[in-house]
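Asks: What follows is a single structure, and I will ask about it in a moment.
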Amino acid sequence: MFEQTFKAIDDVLWKDAGCSSELDYTEQTSWMLFLKYLDDLEHERSLEAELMGEEYEYIIDPAHRWSSWAAPKDASGNFDHNNALTGSDL
Numbered sequence: 168m169f170e171q172t173f174k175a176i177d178d179v180l181w182k183d184a185g186c187s188s189e190l191d192y193t194e195q196t197s198w199m200l201f202l203k204y205l206d207d208l209e210h211e212r213s214l215e216a217e218l219m220g221e222e223y224e225y226i227i228d229p230a231h232r233w234s235s236w237a238a239p240k241d242a243s244g245n246f247d248h249n250n251a252l253t254g255s256d257l
């Protein structure tokens, strides 16, 4: 299921003008996975804090979170294609 998704991401990153070697490609892929992981971790911790009646202080500003720029959602919680960064915007 995820194999095709990762393959598609790999293909896009590999063809990107900014990746001139395998090292660049590995660095870019690692960075993207780290940002996604950090966003998920922050979201999970904020939910845990909410359940305990506490406030959670995010490490990353809202504008720089993965969920804001890579996978923004509209008011109904669906993926917002109009505000998602793609192509050279990333």
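Residue numbers (the working numbering): 168 to 257. Here a beta-carbon is modelled for each residue, glycine too, at the ideal position from N, C-alpha and C.
(1) Just to confirm before moving on: does the CB-CB distance between residue 216 and residue 223 stay below 7 Å?
(2) From which residue to which residue does the alpha helix (DSSP H) around residue 207 run?
(3) Does residue 233 pass the burial test, meaning 16 or more other C-beta atoms within 10 Å, or should it be called exposed?
(4) When the distance is taken between beta carbons, is residue 228 closer than 7 Å to residue 239?
(5) Just how far apart, CA to CA, sit residue 209 and residue 236?
Replies: Short version:
(1) yes
(2) 189-218
(3) buried
(4) no
(5) 15 Å
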